[in-house]
Each structure stands twice: as C-alpha cells, then as structure tokens.
Amino acid sequence: MVRSTTLFIAACWLLGGSAARLAGAGSGSAETGPAQAAACLRCHEPARGVLSGPMATRSGERQFARRAFGAEGGRFFAGACAGCHVAACADCHGEDPHRAGRPRDEACLRCHRGYSAGWEYEGRAPREDHARYRRGATAQGEPFLRMLPDVHFERGMSCADCHTMKSLQEGKRAAKGCRDCHSPAASASPEHAIAAHLEKLSCVACHAAWAPQEYGTFLIRPANAEQEHAFASFPALGPWRKSAHLKRQDVPPLGLDEQGLVSPIRPRFLLFVTDPKNGVENRLVAAEWRAFSPHTVRRGTVPCGGCHDNRRRFLLERDAERLYPLEKDGLPLRSYWNRDGQTVVNGSFFPPGRYERMNVKSPEYARQVVNQWQKLLDHAAPRSKR
Amino acid sequence: MTPGCQTFVTVIEADGRRSKDEAVARYRGKPQLRFAPFYSNNTGRRAVGCAECHGDPAFLGFGQHVMERGAIRSTLLCERNPKKALDGFLSMEAGRVVSHAAISRAGARPLKHEEVFGVLAVNLCLVCHEKADDPIYRTRLDHGALDDTLHRRLLAARR
Chain A
1 MVRSTTLFIA ACWLLGGSAA RLAGAGSGSA ETGPAQAAAC LRCHEPARGV LSGPMATRSG
61 ERQFARRAFG AEGGRFFAGA CAGCHVAACA DCHGEDPHRA GRPRDEACLR CHRGYSAGWE
121 YEGRAPREDH ARYRRGATAQ GEPFLRMLPD VHFERGMSCA DCHTMKSLQE GKRAAKGCRD
181 CHSPAASASP EHAIAAHLEK LSCVACHAAW APQEYGTFLI RPANAEQEHA FASFPALGPW
241 RKSAHLKRQD VPPLGLDEQG LVSPIRPRFL LFVTDPKNGV ENRLVAAEWR AFSPHTVRRG
301 TVPCGGCHDN RRRFLLERDA ERLYPLEKDG LPLRSYWNRD GQTVVNGSFF PPGRYERMNV
361 KSPEYARQVV NQWQKLLDHA APRSKR
Chain B
1001 MTPGCQTFVT VIEADGRRSK DEAVARYRGK PQLRFAPFYS NNTGRRAVGC AECHGDPAFL
1061 GFGQHVMERG AIRSTLLCER NPKKALDGFL SMEAGRVVSH AAISRAGARP LKHEEVFGVL
1121 AVNLCLVCHE KADDPIYRTR LDHGALDDTL HRRLLAARR
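What follows is the structure, encoded as structure tokens:
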C-alpha cells in the first residue's frame, strides 16, 4: 500500500505538472472538450492527430509511471494526471480560435514550464524547491531563475515557428530540424572542421548552452507533526513533500539519442521515496535519464575541454573523482554521474570505448584546439576596464 | 572566490508599499554584487589538472558560460541586470575583460585583462605540452613560437 494510495499524488509534479496546475488546467475543457473538439474537427480533421498524440495521451508519462510504480502505475497515473493533458482545441487555441490565430508561446508555456522542456527557451530555469528561494520574477505563476535565452527567441521566433500545427498533427515533435535552416559546413568554426562532430553529434550536443537538471528527486510523507513542521517549506504534493538533492542549470551530460547521435541527456527522474510510517527510507524507484533537446541554443559552445577528457560529462565518473559520496546519505547510488544502476530510456549512455577514442590527442584535434583558443585570443583588446 | 555577499534588498513600508523591491545593495558607493576570496577547508590529495583550470574560464571568474564570437558569454544571469553573470565577476565583450562585481576583501581583486589572457593563452601550448614539467614552462611562454618554422610545419602537417 505504501506505493499505491499516496505516491500517485506526487506524480503530479513528476509527470510534468503541479498540483495547482492540474487542478485548473484542462479541467474545464475536460467536460466540454470532446464536444468542442468534435465541432472543430468537422472542418479541421487533421487536428485529430494532436488530440490523439502524446500531449493528449501522455503516453510517455504513463510508461514512466508503470516503470517506477509497477503494477500500480496505471492507478498512479490515473489519479495524478487525468486533468493534465490536451483535451480540447481550446486548451491551446483559446475560446475564440478563429480570432486568436495560432497559439501564442504563452499557451505552450502554461504546461511546458518548470522541468518540462520549453520554459528555458525564454531564459527561465526552475528555482529551488524550498520556500526561501522561491522569489524574484515569475512567469506562468512560478518564480524562475534568469538564464541566457535561446538565440532564436532573441531573434523573435516563437514555438510554432518550428513546432507547427502540421507537424504536431502528424505526430512529429517539430516541422524543422536545425539543418533545415543552417548549414554547419558554411561555418568557419574550428569545431565544425572536425568531420566526426558533424556526422555523430546532434547540433544541441554542442549548442545547448545550459539545461535544467535535477539530481535526486525526493518525496517524503511526513509521519508526525514534527516531521510536518520540518518539511513545511517544501512544496506539498498531497501528503508528500518534494525536494531535490541538487539542481543544476549548466551544460548537461551527453549520451546517445534514439538515432545514435551524441545528445544531451538529463535525469528524468532519479526518484527516491521516503515513507517513515511504513519503514521506507530513500527507496530508489526510478533511475532514468532521457535524451532531450534543450531550447537554449547559442552560436557558441563550451571549450574543447568541456567534453574531451571530461568523464563526468559522459557519466563515467570514478569513485576517486566524486564530490558527492551518495552512500554517506544512505542512497543506493554511488554517483549521479556514474551510469552504474542507471539507464537512458530513449537512447543509451555513451560507450566507454568511444570515450577513450575521442580523447586520443590526434594532430587534427590539437590543431583545432589551437584554432579555438586563438580565435578567442585574437579578440583581445589591449587594456582591461576596471 | 565565492559569492559574498550578493544582497538583494526588499523594504516593505508600514502601509504595505514596497519602497525597495529586490534592489542590489550598495557597496563602495554603488549597487553591486560582491565576491570574496576564501580558504576552502576541504583539501584533498587530488588537484585540478592544468587543462581543467586553464581551459575553463569559469575558474577565472566568468561563471558558467559559452564561448561565442570572440566573447565569453555567461549563462546564469543577474535577475536585476541580465547583462551580468550571477555566478561570476568577470565578463568579456568584444575582447575586453570587464569586472562587474566587487571583491570584498582588502587587497583582493579579480585578474586583470592581461592576466586573464595570459592564463587562457597557455591553452595554445597545453594541448601538446601537457605536463607541467615540460621545459617550455620554465621560462615565460613565447606564443610567437607558433609562427616559427617548427610549429608552422607541424600545424601545416595537420591540415
């Protein structure tokens, strides 16, 4: 019972929403949604693809619930997420879609915020969970950390410029990929001069400047008043309180995506559950990573050493290199940045053999390292301003 | 250097009005965030390697960043001034190193432009001359050596 009647409430957050949002979002349309949708579909038949797609079915989240909570996953999902999905055209297009036109970014970001991909496009990252740090500027009702936005956002592009209605109707994530608009061969950057980069890496592997990452997601169900008080400053998810061991907003680790390209990966989720009343403490119910595309694209990238000779970036951290000895906190993982006991659900970790090969200092590598630094140093001005 | 302190001040008057709302506290006569040198009491046997420090401008005070178009661009920004890093005290635009935060200990300062570029310029050598006991590090580095016959031939051979 420990993992049945209570944990599903916590899944509101885990599966992409918050309790408050779930209570409001989609609930109105849930009742009227089918009728509204039917009316729209009489003229917009292809839109049926959206209403049966992942934003409506939330199939990915359903599968996560099953993996994390086993046979109780279905109930877990049903209790947590029934109200958090696209049920009607009006959920995105508003009540007067013919006047409003295509959805504005604001409509997308109502759901695609926090740890869900999308918010970062405008330079927003989730703040810490503790009430003390939930301050400052807010968007979609949630305080955010100000980060460098995506270069496409700076140029005025909106979500729908890439994620067109047609692409969503066809079950695709986007209508365009980076190379539909950009030619890496046309760039004079030292990194693009290396053929392996262009053949084996996704563009965001290098050009994603940062991404929200949460290492260790903790759910605790306080068992008495003292514990309630101790965790009162953390967000409540039903009877549970949620906190994170470590949130980072820097360049994410790299693995392989479903196409076998080197891609950013991040935890989604490294989930620990504590329920003192039932004798459960820091039970690891999921240790999953996902390949993803951070919407934090910049022209530049990290220096060569940001990837080469950087074991942690590929989840190959050795024991002697750890700064977080997790076992001392009683956690059943030795390191968040070591793949042992963890998995990538939509790809794989970068093969160790390939890692060793990519760190061989070939003459071409040395030359491009010199080029990269020379390019920066050539911009040096003669005097500093203090 | 660690942040010390980055103080944002909110003043709520008796009538509920906010006379200050997350204003950056003044230090040495102007609103600015502060950093302070410190001695971290977590010494270990292992030290960062040459490339870890020289090859990562975050070590110099730029905070987390990307390098683009001859600039080091911070990615974690001050919410009161998005042109400045929150986790760093140096920035670089058009080749100029600029200190945008105060260092709060007497006599302490960020590295100067020439010093920053001196540290970064070591990367031109470090990719081949990896060891600290390499003879080239016994004297002041001659970056013009990259244009000498030997280096030109080596670099040309790599094309």
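Residue numbers (our numbering), protein chains in the order written: chain A, 1 to 386; chain B, 1001 to 1159. The beta-carbon is built from N, C-alpha and C at its ideal position, and this holds for glycine as well.
Under 8 Å Cβ-Cβ, which residues of chain B neighbour residue i?
{"i": "T138 (chain A)", "result": "Per Cβ cutoff of 8 Å: no residues; T138 (chain A) is ~11 Å from chain B at best."}
{"i": "A320 (chain A)", "result": "R1046"}
{"i": "A186 (chain A)", "result": "Neighbours of A186 (chain A) on chain B: none; closest Cβ ~15 Å, over 8 Å."}
According to the neighbour-count rule (16 or more other Cβ atoms, all chains shown, within 10 Å of its Cβ), is residue i buried or exposed?
{"i": "E31 (chain A)", "result": "Note on E31 (chain A): pLDDT 44, under 50, position unreliable in the model; no value is reported."}
{"i": "Q63 (chain A)", "result": "exposed"}
{"i": "F1059 (chain B)", "result": "exposed"}
{"i": "H197 (chain A)", "result": "buried"}
{"i": "S1091 (chain B)", "result": "buried"}
{"i": "L103 (chain A)", "result": "According to the sequence shown, residue 103 (chain A) is Pro rather than Leu. When all chains shown are included, P103 (chain A) counts as buried."}
{"i": "Q259 (chain A)", "result": "exposed"}
{"i": "E226 (chain A)", "result": "exposed"}
{"i": "P351 (chain A)", "result": "exposed"}
{"i": "S59 (chain A)", "result": "exposed"}
{"i": "G26 (chain A)", "result": "The pLDDT assigned to G26 (chain A) is 40, lower than 50, so where the model puts this residue is not dependable, and the model offers no usable value."}
{"i": "C159 (chain A)", "result": "buried"}
{"i": "F1038 (chain B)", "result": "exposed"}
{"i": "P267 (chain A)", "result": "buried"}
{"i": "P1031 (chain B)", "result": "exposed"}
{"i": "R21 (chain A)", "result": "Unreliable positioning characterises R21 (chain A) in this predicted model, as indicated by a pLDDT of 36, which lies under 50. A coordinate reading is not provided."}
{"i": "S362 (chain A)", "result": "exposed"}
{"i": "P264 (chain A)", "result": "buried"}
{"i": "R367 (chain A)", "result": "buried"}
{"i": "Q372 (chain A)", "result": "buried"}
Can you tell me whether DSSP reads residue i as helix, strand or coil?
{"i": "A23 (chain A)", "result": "Residue placement at A23 (chain A) is flagged as unreliable, the pLDDT there being 33, under the threshold of 50; the coordinate-derived value follows with that caveat. It is helical."}
{"i": "V360 (chain A)", "result": "coil"}
{"i": "Y324 (chain A)", "result": "coil"}
{"i": "V1066 (chain B)", "result": "strand"}
{"i": "Y1027 (chain B)", "result": "strand"}
{"i": "M147 (chain A)", "result": "strand"}
{"i": "M157 (chain A)", "result": "coil"}
{"i": "K1084 (chain B)", "result": "strand"}
{"i": "G255 (chain A)", "result": "strand"}
{"i": "K176 (chain A)", "result": "coil"}
{"i": "C162 (chain A)", "result": "helix"}
{"i": "K242 (chain A)", "result": "strand"}
{"i": "K1020 (chain B)", "result": "strand"}
{"i": "F314 (chain A)", "result": "helix"}
{"i": "E31 (chain A)", "result": "Confidence at E31 (chain A) is low in this model, with a pLDDT of 44, below 50, so its placement is unreliable and the value that follows should be read with caution. Helix at E31 (chain A)."}
{"i": "E1079 (chain B)", "result": "coil"}
{"i": "N346 (chain A)", "result": "coil"}
{"i": "T1010 (chain B)", "result": "strand"}
{"i": "D275 (chain A)", "result": "strand"}
{"i": "F1089 (chain B)", "result": "coil"}
{"i": "K375 (chain A)", "result": "helix"}
{"i": "L237 (chain A)", "result": "strand"}
{"i": "L41 (chain A)", "result": "helix"}
Run through chain A and tell me which residues come within less than 8 Å of residue i, C-beta to C-beta.
{"i": "M1067 (chain B)", "result": "G300, T301, V302, P303, Q372 and L376"}
{"i": "D1021 (chain B)", "result": "Per Cβ cutoff of 8 Å: no residues; D1021 (chain B) is ~10 Å from chain A at best."}
{"i": "D1056 (chain B)", "result": "P303, G305 and G306"}
Could you list which residues in chain A have their beta carbon closer than 9 Å to that of residue i, in chain order?
{"i": "V1119 (chain B)", "result": "What V1119 (chain B) touches in chain A: nothing, since even the nearest Cβ is about 11 Å away."}
{"i": "L1124 (chain B)", "result": "V369, V370, W373, Q374 and L377"}
Give the residues of chain B in contact with residue i, contact being defined as C-beta atoms less than 9 Å apart.
{"i": "K247 (chain A)", "result": "Those within 9 Å of K247 (chain A) in chain B number zero; the least Cβ separation is about 12 Å."}
{"i": "K361 (chain A)", "result": "V1127, C1128 and E1130"}
Along chain B, in chain order, which residues have C-beta atoms closer than 7 Å to that of residue i?
{"i": "R146 (chain A)", "result": "L1077, E1079 and P1082"}
{"i": "A209 (chain A)", "result": "V1066 and T1075"}
{"i": "A380 (chain A)", "result": "G1095 and F1117"}
Would you say residue i touches the ligand ADP, meaning its beta carbon is less than 7 Å from a heavy atom?
{"i": "T217 (chain A)", "result": "Of ligands this structure carries none, so the ligand ADP is not represented either."}
Fill in: Whole runs of the alpha helix (DSSP H) within the stretch 183-216 of chain A, excluding any shorter than 4 residues
DSSP assignment within the stretch 183-216 of chain A yields the following whole alpha helix (DSSP H) runs of 4 residues or more, N-terminal first: 195-200 and 203-207.
Worksheet item: Whole alpha helix (DSSP H) runs in the stretch 61-118 of chain A with 4 or more residues, listed along the chain?
Response: Listed in chain order, they are 73-81, 90-93, 97-100 and 105-109.
Practice prompt. Please confirm if the stretch 224-235 of chain A is in contact with the stretch 319-337 of chain A, defined as three or more CB-CB distances below 8 Å between the two stretches.
Written response: With a cut-off of 8 Å, the stretch 319-337 of chain A and the stretch 224-235 of chain A do not count as touching, because too few Cβ pairs lie within range.
Item to complete: Check whether the stretch 206-216 of chain A touches the stretch 243-252 of chain A, counting contact only when three or more Cβ pairs, one atom from each stretch, lie closer than 8 Å.
Response: Touching, per the Cβ criterion.
Discussion item. Contact between the stretch 1010-1019 of chain B and the stretch 1069-1087 of chain B is defined here as three or more beta-carbon pairs at a separation below 8 Å; is this criterion met?
Written reply: The stretch 1010-1019 of chain B is not in contact with the stretch 1069-1087 of chain B.
Worksheet entry | Inter-stretch contact at 8 Å, needing at least 3 Cβ pairs: the stretch 36-53 of chain A / the stretch 159-172 of chain A | Touching, yes, given that three or more Cβ pairs across the two stretches are closer than 8 Å.
Discussion item. Measuring CB atoms only, is the stretch 175-193 of chain A touching the stretch 135-153 of chain A, in the sense that at least three cross pairs come out at less than 8 Å?
Written reply: Flag = no, the stretch 175-193 of chain A and the stretch 135-153 of chain A do not touch.
Worksheet entry | the stretch 1117-1137 of chain B contacting the stretch 360-378 of chain A, beta-carbon criterion three pairs below 8 Å | In short, these stretches touch, since the Cβ pair count reaches three.
Discussion item. Quick test of the definition: if touching needs 3 or more C-beta pairs under 8 Å, does the stretch 1075-1089 of chain B touch the stretch 139-159 of chain A?
Written reply: By the Cβ rule, the stretch 1075-1089 of chain B counts as touching the stretch 139-159 of chain A, because three or more pairs are nearer than 8 Å.
Worksheet item: What are the complete beta strand (DSSP E) segments, minimum 3 residues, inside the stretch 1128-1158 of chain B?
Response: Look at the stretch 1128-1158 of chain B and you find no whole run of beta strand (DSSP E) that is 3 residues long or longer.
Worksheet entry | Three-pair Cβ contact test at 8 Å for the stretch 122-132 of chain A versus the stretch 86-93 of chain A | They do not touch, by the three-pair rule.
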